[in-house]
Structures are given as C-alpha cells and as structure tokens.
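Data block below; observations after.
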C-alpha cells in the first residue's frame with residue numbers, strides 16, 4: 079500500500095470519487111462504489127469488498143484507526159486529504175473525514191442461491207433510494223436469504239441506498255434480475271411466492287408459510303405491483319389496515335412481512 083497526500087480538489091482521486099458518487103453509469107462502468115463515514119467504510123471492509131483507495135484526514139484516521147487500520151493494508155493507496163478536499167467529498171451534514179473507494183463484487187458470478195427452504199424478497203421498480211436502503215437494512219436484520227431487485231430499482235450501491243441501509247447491502251446477497259425469471263426459478267424450486275397486493279382472498283401476514291421456503295414480492299411506492307406479476311405469483315398477502323387507508327410505505331410493508339417470515343425461525 080502506498081500513501082499519498084491530496085491537497086487539491088482537482089486531484090484525479092477526488093474527481094473519481096465525486097464522479098462515482100454522482101453517477102450510476104459511472105459506478106457500473108468502473109465496477110466501483112464509494113463509502114463515506116467510519117461505519118460504512120468499516121462494513122465494506124469487513125464484508126470483503128476490495129478497497130481501491132481509503133481517503134481520510136489525519137485527525138479522522140487517528141480517531142478511527144482501531145476500526146480501520148487492520149484492513150488498510152488491503153487498499154492500493156491510503157490518501158491523506160486536506161479539510162478542503164474533505165468538504166468536496168462529503169455529502170453528510172457532519173462529515174467524519176473518512177471515505178473509501180471499493181470494487182464491486184461480481185454478482186453475476188455469485189448470484190443469489192435459490193433453495194427449497196429459503197426466504198426471499200423480490201422488489202419491483204422501487205423508486206426511492208432511501209426506501210430501498212431501509213428495506214435492505216431490514217432484510218439483513220431478519221435473515222433473508224436473498225433479495226432480488228428488478229432493473230427499475232435504484233442502484234444498491236448508490237450513496238443514498240448505502241447510507242440508508244446502514245451497511246445492510248453488504249450483509250446479504252442482492253441481485254439485479256428480471257423478476258419474471260426469478261419467479262419461474264422459485265416455482266421450479268418449489269418456493270411459493272406471495273405478491274403484496276390489496277386483492278380479495280389475500281392472506282394476512284401471519285398466514286404466510288411456517289415451514290419451508292417462501293418469497294414475498296413488493297411493488298413500487300406509487301403503483302404497487304403490475305397485474306402480470308401478481309398473476310405469476312398466484313398468491314397474495316395483504317396487511318390489514320383501518321378503513322380508508324390504501325397502502326403502507328414499501329419499507330414499512332417489507333418490515334412487517336419479513337418479520338413474519340423471521341419469527342418462525344426464532345419462536
């Protein structure tokens with residue numbers, strides 16, 4: 079690992095970081111993502127994502143050395159940055175002075191494994207990065223075996239998703255895939271899929287399968303699931319609510335449904 083000092087906001091490392099922070103296309107093109115803050119950077123390091131660069135003010139590194147230094151040798155470079163560069167990189171209201179650039183793992187080579195007793199979450203065209211991050215944080219907390227995102231969902235490696243997930247995206251398998259193909263694979267494995275939808279005959283959450291595998295499919299915040307996805311599932315689940323209320327926030331709905339799947343494993 080080499081060390082270098084960055085004083086200019088026009089430094090190539092600074093430009094790369096800001097480009098990755100701003101653009102999904104750039105993250106995909108380079109196969110990289112960025113982190114901000116001690117906790118998120120530590121989570122990425124502990125999860126085995128290869129660090130390309132770690133950037134920090136010397137003061138911030140001294141405060142966080144106990145948590146980050148054991149992994150620093152895996153980085154290609156450790157960059158000491160000025161307070162001006164820190165301000166350029168930071169998105170948080172109160173910057174912690176620690177940033178990272180990491181290589182994405184090849185999710186195509188490591189897809190979510192579907193097993194007959196697995197518990198899965200499928201997300202269709204979620205729109206809000208904060209919602210997606212919260213869902214991923216919840217899925218990690220409740221031991222989901224894999225999350226499938228339709229191509230219309232936000233980038234799971236976007237800064238807003240990573241921040242909202244509190245590192246949850248690093249703790250569970252996440253794969254971008256065509257959900258119609260995933261549902262076909264689940265059916266072949268004997269895993270029932272339940273569409274979260276307000277439909278006559280929909281089961282309440284506590285009636286989800288207690289044994290074996292199960293998948294829950296949640297649609298976007300405004301329109302829910304398309305009819306063809308509901309039809310392909312063939313089963314629906316609905317969270318009971320007081321009259322006059324149409325739906326819950328997607329992240330809240332996911333939390334309720336995933337808890338029902340999780341509690342059977344611990345109770």
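Residue numbers (the working numbering): 79 to 345. Each residue gets a CB set at the ideal place from its N, CA and C atoms; glycine is no exception. Note that the coordinates shown come from a computational prediction; the quantities given were computed from them, not determined experimentally.
- Beta-bridge analysis with DSSP links residue 82 to 157.
- Just so you know, the alpha carbons of residue 273 and residue 244 end up roughly 27 Å apart.
- Taking residue 215 as the centre and dropping the five residues before and after it, the same chain places the C-beta of 243, 244 and 246 closer than 6 Å to its C-beta, in chain order.
- In the three-state DSSP reduction, residue 231 falls in the coil class, being neither helix nor strand.
- Scanning its chain for C-beta atoms nearer than 7 Å, with the 5 sequence neighbours on each side dropped, one finds no residue around residue 262.
- Beta-bridge analysis with DSSP links residue 220 to no other residue.
- Unbroken beta strand (DSSP E) stretches of 3 residues or longer found wholly inside the region 111 to 184: 129 to 134, 155 to 159 and 176 to 181, given in chain order.
- The beta carbon of residue 268 is closer than 6 Å to those of 194 in its chain, skipping five residues each way along the sequence.
- Taking one beta carbon from each stretch, the region 110 to 128 and the region 172 to 184 have 3 or more pairs nearer than 8 Å; the two touch.
- DSSP places residue 280 in the coil class of the three-state scheme, outside both helix and strand.
- For residue 190, there is no enclosing beta strand (DSSP E), as DSSP gives it neither H nor E.
- Between residue 254 and residue 227, the CB-CB gap stays under 7 Å.
- In the structure shown, the three-state DSSP call for residue 310 is helix.
- Judged by DSSP secondary structure, residue 197 falls within the beta strand (DSSP E) whose first and last residues are 197 to 201.
- In the displayed model, residue 253 falls within a strand according to three-state DSSP.
- Counted as a single uninterrupted DSSP element, the stretch harbouring residue 293 is not any alpha helix (DSSP H) but the beta strand (DSSP E) occupying residues 292 to 296.
- Taking C-beta atoms under 8 Å as the contact rule, residue 328 and residue 303 fail to qualify, at a distance of about 11 Å.
- In this structure residue 222 is in contact with residue 198, their Cβ atoms being roughly 7 Å apart against a cut-off of 8 Å.
- Using a Cβ distance threshold of 7 Å, residue 264 and residue 293 count as a contacting pair.
- The beta carbons of residue 82 and residue 155 sit about 6 Å from each other, so the pair counts as a contact at 8 Å.
- Distance between residue 162 and residue 89, taken at the CA atoms: about 12 Å.
- No Cβ-Cβ contact shorter than 7 Å links residue 206 with residue 102.
- Between residue 129 and residue 147, the C-beta spacing is not below 7 Å.
- Non-local beta-carbon contacts of residue 158 in its own chain, meaning distances under 6 Å to residues more than five positions away in sequence, involve 83 and 136 in chain order.
- Beta-bridge pairing by DSSP links residue 226 to 200 and 253.
- Boundaries of the alpha helix (DSSP H) harbouring residue 100: 90 to 100, taken from the DSSP string.
- Using a Cβ distance threshold of 7 Å, residue 121 and residue 235 do not count as a contacting pair.
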